[in-house]
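Here this note's numbering is used: the first residue of the sequence shown is 12, the next is one more, and so on.
Glycine is no exception: its CB is placed at the ideal position from the N, C-alpha and C atoms.
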Amino acid sequence: MSRERRPAATLHIDWTLCDGRGLCTELLPERLARDEWGYPLARDGSGGDVPLAASQLEAARDAVALCPRLALTLRKD
């Protein structure tokens, strides 16, 4: 996603709840990668608040709904 455009939403990862199961990385492979223990990492280095384009919102909603540890929150910007 271009830095020039404002994100449609932000995917927040709560590291205190995340168990590194990796489902979110499968649903959002263009935005998230896994570290060596399976925890999600933002591909752009944005940390726990991952900016999303409008085209990524459906996959992000699925990731939030399916996260077994409820570690994801979708925040509208």
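query: Could you tell me whether the Cβ atoms of arginine 86 and threonine 27 are closer together than 7 Å?; result: no
query: Closest to glutamate 47 by CA distance: which of Gly58, Arg32, Leu39, Asp60 is it?; result: Arg32
query: To the nearest angstrom, report how far apart glutamate 76 and glycine 56 are at their CA atoms.; result: Reading off the sequence shown, one finds alanine at residue 76, where the question assumed glutamate. About 24 Å.
query: By the DSSP assignment, the alpha helix (DSSP H) with aspartate 73 in it spans what residues?; result: 68-77
query: Looking at the structure shown, is threonine 36 part of a helix, part of a strand, or coil, going by DSSP?; result: helix
query: Identify which residue in Leu39, Ala19, Asp30 has its Cα closest to the Cα of glycine 49.; result: Asp30
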